[in-house]
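Trainee:
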Amino acid sequence: LLNPSPYMFFVDLGDIQVAGSSPEALVKLRRGHASLRPIAGTRPRGATPEQDLCHEQSLLADEKENAEHVMLVDLARNDLGRVATAGSVHVDPYRCIERYSHVMHIVSGVQGELAAGKDAFDLFAAAFPAGTLVGAPKVRAMELIDEMEPVRRGLYAGTVGYFGSNGDMDQAIAIRTLIFRGDTYSYQAGAGIVADSVPETEYNEVLAKSAILRSALAIAEEGL
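Following the numbering used here, the numbering of the sequence shown begins with 46 at its first residue and continues without gaps.
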């Protein structure tokens, strides 16, 4: 596999096909236990184990990246708290590093028990869209996205997943995803913009996140 990830999917919707390898869950629900998994903070993988460790240490020490991560963990806690049993929301794990083929991320888990009278659809509505993909506060951030981004996001930053007949749910965020329409394809990637952002750094983050998609397309073009 080119980029093993927690979520790997292919969906044929007739006029379009969707293929992705997403590292990020929007929300899961299993037997009443809800979990969100915010990812915020990125570095490219190193060419050697020593470089990898250096990048990890740099990421965990980066004030801007960690401030952004903490903000988005708090947003996830607030989202889950709207539909969770009072006092059940907690963070576990917190600020761990996960490595993928081309990048590494800071990842946390926000857990809680779904409140009586709430179901998977209530939980989805509370969590969507992901704060890691739109920012905070969500409504104002979405207004700015609508005003400033030159193209519609479409499926990008949406979800691919299921609602089970038993009440469970698992929804992946549609990132690291290719959309095929006939003989054409498209993909999108982004970075979180905050007051301390350095444009060149954010641009390089976008390139690092989308590198796996370019690699997959290059392999397909070669016919391998």
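By construction, the Cβ of each residue, glycine as well, lies at the ideal position given by its N, Cα and C atoms.
In this text, all values refer to a predicted model and were calculated from it rather than measured experimentally.
Based on Cα-Cα distance, which residue from G237, T222 and A79 lies nearest to R259?
Mentor: For the residues G237, T222 and A79, the minimum Cα distance to R259 belongs to T222.
Trainee: By a C-beta neighbour count over all protein chains shown, 10 Å radius and 16 as the cutoff for buried, is D60 buried or exposed?
Mentor: Label assigned to D60: exposed.
Trainee: When you compare the region 85-95 with the region 142-155, are there three or more beta-carbon pairs, one atom per stretch, that lie closer than 8 Å?
Mentor: Yes: the two stretches touch, three or more of their Cβ pairs being nearer than 8 Å.
Trainee: According to DSSP, is I220 part of a helix, a strand, or is it coil?
Mentor: It is coil, neither helix nor strand.
Trainee: Quick one, are the C-beta atoms of D213 and G206 less than 7 Å apart?
Mentor: It is not a contact, given that the beta carbons lie outside the stated cut-off.
Trainee: Is T204 closer than 7 Å to L71 when the C-beta atoms are compared?
Mentor: Result yes, Cβ atoms of L71 and T204 sit closer than 7 Å.
Trainee: How far does the alpha helix (DSSP H) with Q102 in it extend, from its first residue to its last?
Mentor: Residues P94 to A106.
Trainee: Work out the CA separation of G237 and N111 for me, nearest whole Å.
Mentor: Going from the Cα of N111 to the Cα of G237 covers about 12 Å.
Trainee: With DSSP run on the structure shown, which of helix, strand or coil describes E69?
Mentor: DSSP places E69 in coil when its eight states are reduced to three.
Trainee: Compute the minimum distance between the beta carbon of G199 and the heavy atoms of the ligand ZN, and state whether it is under 6 Å.
Mentor: With respect to the ligand ZN, the structure shown offers nothing to examine, as it has no ligands at all.
Trainee: For E250, count neighbouring C-beta atoms within 10 Å of its own C-beta (all shown protein chains included) and say buried if the count is 16 or more, exposed if not.
Mentor: E250 should be labelled buried.
Trainee: Grab the span of the alpha helix (DSSP H) containing S255 for me, first residue to last.
Mentor: Segment P244 to E267, the alpha helix (DSSP H) holding S255.
Trainee: Going by beta-carbon coordinates alone, are A79 and L120 separated by less than 7 Å?
Mentor: No, the pair does not count as a contact, with Cβ atoms beyond the cut-off.
Trainee: Thinking C-beta only, is L81 closer than 7 Å to L125?
Mentor: For L125 and L81, yes; Cβs fall inside 7 Å.
Trainee: If we count the other Cβ atoms within 10 Å of its Cβ and call it buried at 16 or more, is P94 buried or exposed?
Mentor: With fewer than 16 other Cβ atoms within 10 Å, it is exposed.
Trainee: Counting Cβ pairs, one atom from each stretch, are 3 or more of them under 8 Å apart for the region 122-142 and the region 50-67?
Mentor: Touching, no.
Trainee: Of the residues A217, M116 and K254, which one's Cα is nearest the Cα of G176?
Mentor: Checking every option, the nearest Cα to that of G176 belongs to M116.
Trainee: Assign G77 to one of three DSSP states: helix, strand, or coil.
Mentor: Here G77 sits in coil by DSSP.
Trainee: Can you look up I271 in the DSSP assignment and give me helix, strand or coil?
Mentor: In the structure as shown, the chain begins at 46 and stops at 269. Residue 271 is therefore absent and cannot be evaluated.
Trainee: Nearest by alpha-carbon distance to S146: which of E108, S242 and P51 is it?
Mentor: Here the closest residue by C-alpha is P51.
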